[in-house]
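Under this note's numbering, the first residue of the sequence shown carries the number 71, and numbering increases by one thereafter. Every residue gets a Cβ at the ideal spot worked out from N, C-alpha and C, and that includes glycine. The structure presented is a predicted model; accordingly, all values stated were derived computationally and were not measured.
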Amino acid sequence: MIYWQLFLAFFIPGILGYGGGPGTIPLVENEVVDRYEWLSVNEFSEVLALGNALPGPIATKMAGYIGYEVGGIFGAVVAVFATVAPSLILMVTLLGLLMKYKESPKVKRLTVLVRPVIAVLLGVMTYDFFFSSYEGAGIWQTIGIGVIAFVLMERLKVHPAYVIAGALVYGGVFLG
71 MIYWQLFLAF
81 FIPGILGYGG
91 GPGTIPLVEN
101 EVVDRYEWLS
111 VNEFSEVLAL
121 GNALPGPIAT
131 KMAGYIGYEV
141 GGIFGAVVAV
151 FATVAPSLIL
161 MVTLLGLLMK
171 YKESPKVKRL
181 TVLVRPVIAV
191 LLGVMTYDFF
201 FSSYEGAGIW
211 QTIGIGVIAF
221 VLMERLKVHP
231 AYVIAGALVY
241 GGVFLG
């Protein structure tokens, strides 16, 4: 029964929470503190602070921790699955619809219109990353890392994971 309660405690906020993890926090608090009384308000605030301190999505970190506290390892698995299940179900459903109507002129037109938007969003993100790294590391370090990464990936066909790992090591040793 506890696993079903864990599932519901994280699945319902996943469906109703708009805006991702931060939008689900009050809903999770209602389930965990008020409805099931697994944590006190103070304990929940500590879990929230811990979740904010760690990298990654807040909702899954909180679900994993609370699920583990309430139901052990299997409880953590159930809670994390319940957190991602609404998005997973929606993505599979929408992908199924998209694949069913992939030859439709409307779907093709939608795809043509979405691609430039994605390109602009990636460009803005790249611009932001470049200038935030420029402020932290300096112009020559930033340009040097960018040029070396480009040469390694495009000319020498080194896998991006190795380039990223190398940049992290470089940053940790020389910029940290």
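Closest by C-alpha distance to residue i, when choosing among the options
i	options	result
P127	L167, G90 and K176	G90
Y240	A207, K172 and V228	A207
P83	Y73, Y171, F200 and S157	S157
I85	L245, I159 and L124	I159
Buried or exposed (CB count within 10 angstroms, at least 16 for buried), residue i
i	result
E101	buried
I136	buried
E99	buried
T196	exposed
T94	buried
A152	buried
V117	buried
G193	exposed
G121	buried
Residue i vs residue j beta-carbon contact at 7 Å
i	j	result
L76	G141	yes
V162	T130	no
A133	F81	no
A219	V228	no
T41	S203	Residue numbering for the chain in the displayed model covers 71 to 246; residue 41 lies beyond these limits and cannot be assessed.
L78	G87	no
I215	A237	yes
Close Cβ partners of residue i (< 8 Å) along its chain, the five nearest in sequence each way excluded
i	result
Y73	G141, F144, G145 and V148
S110	V103
P230	M223
P92	I128
Close beta carbons around residue i, own chain, < 6 Å, minus the five adjacent residues each side
i	result
W108	V102 and V140
Own chain residues within Cβ distance below 7 Å of residue i, not counting five before or after
i	result
V106	Checking the sequence shown, residue 106 turns out to be Tyr, not Val. Once the five neighbours on either side are set aside, the close Cβ partners of Y106 are Q75 and A79.
S174	none
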